[in-house]
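Enquirer: Per the numbering used here, the sequence shown starts with residue 41, numbered consecutively. Note that the Cβ used here is the ideal one computed from N, Cα and C, for glycine as well. One structure is given below, represented as structure tokens, and several questions about it will come after.
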Amino acid sequence: MRVSARNVFLGKVAELRKGAVSTEVTLVLKGGETLCSVITNESAKVLGLKTGTEAYAFFKASAVILGKDLHDAKVSARNLLCGTADRIVHGPVNAEVTVVLPGGSVLTAIVTEESAKRLLLAKGDPVCALVKASSVILGVDA
41 MRVSARNVFL
51 GKVAELRKGA
61 VSTEVTLVLK
71 GGETLCSVIT
81 NESAKVLGLK
91 TGTEAYAFFK
101 ASAVILGKDL
111 HDAKVSARNL
121 LCGTADRIVH
131 GPVNAEVTVV
141 LPGGSVLTAI
151 VTEESAKRLL
161 LAKGDPVCAL
171 VKASSVILGV
181 DA
């Protein structure tokens, strides 16, 4: 399988919370980080999601918001993944930033060049990524 989303993570379903229309799915990644996704109840059923099921989480690099010193921040995004800036590619409009998470997974973000400069991002800096649960798409092996 090949997808255009830069961020693809394999994890195991740790928790499912079913609502009237949507299900909140929490995945645990190989390094222990968690990712939350909100999908429709029908999608959860079609995917056959249960606790312990392996699933892939996908999200676009442009869906990531980066920040520094966000560990204790109160934000509405369900996913806060903190790690170390590994590579920063500056362009005239956007910058691509790769973040290595503590468990070894690599996350990619595309932010405006202005934002990258304002954050004063450099290789080795601690950085946090915010991703809304509604931006995380799930998939399973057929």
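1. Applying the 10 Å Cβ sphere with the 16-neighbour rule, what's the burial state of Val-129?
2. Give the secondary structure of Val-171 by DSSP, where H, G and I count as helix, E and B as strand, and everything else as coil.
3. What residue range is occupied by the uninterrupted beta strand (DSSP E) comprising Val-137?
4. Please name the residue in Ile-79, Gly-107, Val-68 and Leu-106 whose C-alpha comes closest to that of Thr-93.
5. Hey, would you say Ala-117 sits closer than 8 Å to Thr-91, going by beta carbons?
6. Decide yes or no for the touch test of the region 55-63 against the region 80-91: beta carbon pairs closer than 8 Å, at least 3 of them.
7. Let me check one thing: in DSSP terms, what residues is Lys-52 bridge-paired to?
8. How far does the alpha helix (DSSP H) with Leu-87 in it extend, from its first residue to its last?
9. Going by alpha carbons, who is nearest to Gly-19 out of Pro-142, Leu-159 and Asp-109?
10. Could you tell me the distance, in whole angstroms, from the CA atom of Val-171 to the CA atom of Val-133?
11. Should Leu-161 be labelled buried (16 or more other beta-carbon atoms within 10 Å of its own) or exposed?
12. What are the boundary residues of the alpha helix (DSSP H) that Arg-158 is part of?
13. Does the Cβ of Thr-89 have 16 or more other Cβ atoms within 10 Å, making it buried, or fewer, making it exposed?
Expert: Per the coordinate set shown:
1. Residue environment for Val-129: exposed (fewer than 16 other C-beta atoms within 10 angstroms of its C-beta).
2. In this structure, Val-171 counts as strand in the three-state DSSP scheme.
3. Unbroken beta strand (DSSP E) run through Val-137: 134-140.
4. Nearest to Thr-93 by C-alpha distance, out of Ile-79, Gly-107, Val-68 and Leu-106, is Val-68.
5. No. Outside cutoff.
6. By the Cβ criterion, the region 55-63 is in contact with the region 80-91, since at least three pairs of Cβ atoms, one from each stretch, lie closer than 8 Å.
7. DSSP links Lys-52 through a beta bridge to Val-68 and Glu-94.
8. 81-87 is the span of the alpha helix (DSSP H), which, as asked, contains Leu-87.
9. No answer is possible for residue 19: it lies beyond the span of the chain, which begins at 41 and ends at 182.
10. Each residue's CA atom was taken as its position, placing Val-171 and Val-133 some 21 Å apart.
11. By the neighbour-count rule (16 or more Cβ atoms within 10 Å), Leu-161 is buried.
12. Secondary structure note for Arg-158: its alpha helix (DSSP H) is the uninterrupted segment 153-159.
13. Correcting the residue type first, residue 89 is Leu in the shown sequence and not Thr. The residue in question, Leu-89, is buried, as its Cβ has 16 or more Cβ neighbours within 10 Å.
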